[in-house]
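Asks:
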Amino acid sequence: MPCFFITSDSFSPEGCITIIGEDAHHISRSLRMAAGEHITVADQNGILYDCALESFLPDCVIARICGAWQAESEPPYRIHLYQGLPKGDKLEMIIQKSVECGVYDITPFESEYCVVRMRHDDGEAEARKLQRRQKIATEAAKQCGRGILPQVFPPVTFVEMLKRAAGADLCIFCYEGQRTVSIAKVLAGARETLFFKKNGGETAVKTVDISVIIGSEGGFSPKEAELACNAGAIPTGLGKRILRTETAPVFALSVLSYAFELSGL
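Per the working numbering, the sequence shown starts with residue 273, numbered consecutively.
Pasting the structure below:
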């Protein structure tokens with residue numbers, strides 16, 4: 273059954289959902305669906321809706337909600353990936369694979385050793401890039417059966433990135449200069465403190481936010497590493513081998529999935 277992502281303003285008090293844009297065109301023109309057929313719709317809270325198509329208008333499709341359930345494909349954490357701007361089209365692959373690995377959102381950033389720089393003189397070009405990146409995330413989310421639509425944000429500076437990343441429950445700074453503390457060691461002691469809370473004598477699982485910071489091809493400067501540590505990030509190694517910037521996020525997300533999702537909470 274086709275799945276589509278919607279925002280909170282798509283709901284009506286009458287129990288219907290309005291689908292607009294490319295998705296509406298895809299339903300009516302590409303899939304040639306008819307009234308009475310069903311689609312699956314996902315909101316940003318991981319809730320899936322079984323909807324029956326009711327009417328087709330020139331600019332939208334109206335569907336009635338028949339049932340709802342919690343998506344089972346979302347991990348028990350929200351990973352916020354902060355990716356140093358890489359060269360070429362590597363960011364597009366990083367977005368696609370990270371969405372498949374369960375990322376919640378992705379924020380590119382500019383650092384000292386980045387070859388690619390943010391452009392402030394061409395807002396239209398940057399808007400087109402962001403639109404393309406979000407489309408890649410959307411298609412990846414549909415393909416792998418995500419219960420939410422991961423967001424891709426515009427690039428930010430290193431300082432702004434640290435401000436955002438440091439607000440998470442756990443901030444992992446993947447640093448090639450860290451040889452003694454591995455990501456496995458960091459996560460080994462984090463399971464109990466991150467995911468379980470005492471509530472009236474009972475232990476309950478809670479959703480946590482985890483920031484993962486990955487550098488560009490050149491990595492991070494010593495000054496940036498110092499700033500990250502001062503902001504509360506944990507310098508973390510990703511093993512004995514040097515990983516490409518497009519490999520590092522997939523590796524880190526896979527380790528997180530093994531530690532906190534596949535092992536069961």
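For each residue, glycine too, the CB sits at the ideal point set by N, CA and C. Remember, it's a predicted structure, so these values are computed and weren't measured experimentally.
1. Taking Cβ to Cβ, would you say A413 is nearer than 8 Å to F277?
2. Since G318 and E346 should fall inside the 8 Å C-beta cutoff, what is the C-beta to C-beta distance between them, to a whole number of angstroms?
3. Note down, in chain order, each residue of its chain lying with its Cβ closer than 8 Å to the Cβ of L363, except the 5 sequence neighbours on either side.
4. Would you grab the beta carbon distance between I485 and A500 for me? Rounded to a whole angstrom, and I think it's under 8 Å.
5. Cβ atoms of Y447 and T410: under 8 Å apart, would you say?
6. Who are the near neighbours of T517 in its chain, counting only those whose CB is closer than 7 Å to its CB and skipping five residues on each side?
7. Using the rule of at least 16 other Cβ atoms within 10 Å of the residue's Cβ for burial, across every protein chain shown, is H352 buried or exposed?
8. Drop a sphere of 10 angstroms on the beta-carbon of A306, count the other beta-carbons inside from all chains shown, and report buried for 16 or more, exposed for fewer.
9. Can you tell me which of V388, P422, G491 and V313 puts its alpha carbon nearest to the alpha carbon of A340?
10. Round the Cβ separation of I514 and F445 to the nearest angstrom and send it over; I've been treating them as touching at under 8 Å.
11. Hey, would you say P422 sits closer than 8 Å to V480, going by beta carbons?
12. Apply the 10 Å Cβ neighbour rule to D315 and answer buried if 16 or more other Cβ atoms are within range, or exposed otherwise.
13. Determine whether the beta carbon atoms of P348 and E382 lie at a separation below 8 Å.
14. From the DSSP output, read off the bridge partner residues of R389.
15. Under the assumption that L442 contacts A531 (Cβ atoms under 8 Å), give the Cβ distance between them as a whole number of angstroms.
16. Would a C-beta distance cut-off of 8 Å place S300 and F328 closer than the cut-off?
17. Quick check: what's the CA-CA separation for G504 versus L434?
18. What number of angstroms, rounded off, separates the C-alpha of D281 from the C-alpha of C288?
Replies: From the atom records:
1. Less than 8 Å separates the beta-carbon of A413 from that of F277.
2. Contact flag correct, Cβ pair sits at about 5 Å.
3. Taking L363 as the centre and dropping the five residues before and after it, the same chain places the C-beta of Q355, L357, P380 and R405 closer than 8 Å to its C-beta, in chain order.
4. Cβ atoms of I485 and A500 come within 8 Å of each other, at about 7 Å.
5. It is not a contact, given that the beta carbons lie outside the stated cut-off.
6. For T517, where only same-chain residues beyond five positions count, the Cβ hits under 7 Å are G356, P358, K362, I486, G487, S488 and E489.
7. Per the 10 Å Cβ criterion, buried.
8. Residue environment analysis places A306 among the exposed positions, since fewer than 16 neighbouring C-beta atoms fall within 10 angstroms of its C-beta.
9. Closest by alpha carbon: V313.
10. Rounded, the Cβ-Cβ distance is 17 Å, inconsistent with contact.
11. No, the Cβ-Cβ distance between P422 and V480 is not below 8 Å.
12. Label assigned to D315: buried.
13. Result no, Cβ atoms of P348 and E382 do not sit closer than 8 Å.
14. Paired residue(s): none; R389 is not in a bridge.
15. Contact between L442 and A531 does not hold, since their C-beta atoms are separated by about 11 Å, which reaches or exceeds 8 Å.
16. Their beta carbons are under 8 Å apart, which means S300 touches F328 by this criterion.
17. In this structure, the straight-line span from the alpha carbon of G504 to that of L434 is close to 9 Å.
18. Looking at the two C-alpha atoms, the distance is approximately 11 Å.
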